[in-house]
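In what follows, a single structure is set out as C-alpha cells and then discussed.
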Amino acid sequence: MFKSRKVHKEDAWDGVVVDKTRRATDGSNVYHYVEIRLQDGTTVKVRVDKPLWESLTSGDHLVKEAGAAAPAKAPR
Numbered sequence: 393m394f395k396s397r398k399v400h401k402e403d404a405w406d407g408v409v410v411d412k413t414r415r416a417t418d419g420s421n422v423y424h425y426v427e428i429r430l431q432d433g434t435t436v437k438v439r440v441d442k443p444l445w446e447s448l449t450s451g452d453h454l455v456k457e458a459g460a461a462a463p464a465k466a467p468r
C-alpha cells in the first residue's frame, strides 16, 4: 500500500538527519527524502525539496513547525 512521505502544513517535529536518499518512484520524477531521528528516538522518512536535500548532511538538525510549508535546517 502507498504511504505518503509528503510534509503536511500541520506537522510539527524536530530531529537529526540520519540518512538521505532519492528515488524516481513513478519512473519520471526524482523525489528527495531524508530520514530523521526525532527526540523521542523514533525515525520518520519525509520528502523534501532538492535545494534543502542538497544542503543537508547526516547529523544536521531539521525543524518543522506547525503552519510552515516545509522543514528548515536549524543553526548549529
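Counting the sequence shown from 1 gives a position; the working numbering is that position plus 392.
Using N, Cα and C, we set each Cβ at its ideal position, and we do this for glycine too.
All figures in this text were calculated on a predicted structure; none of them were measured in a lab.
Where P443 falls, given that 16 or more other Cβ within 10 Å makes a residue buried: By the neighbour-count criterion, in which a residue is buried when 16 or more other Cβ atoms sit within 10 angstroms of its Cβ, P443 is exposed.
Host beta strand (DSSP E) of K412 (start-end): 405 to 415
Proximity below 8 Å, CB of I428 to CB of V399: No, the pair does not count as a contact, with Cβ atoms beyond the cut-off.
Contact under 8 Å by Cβ, S447 with K465: yes
How close, in whole Å, do the beta carbons of D441 and A462 come, if the pair is a contact with beta carbons under 8 Å? 6 Å
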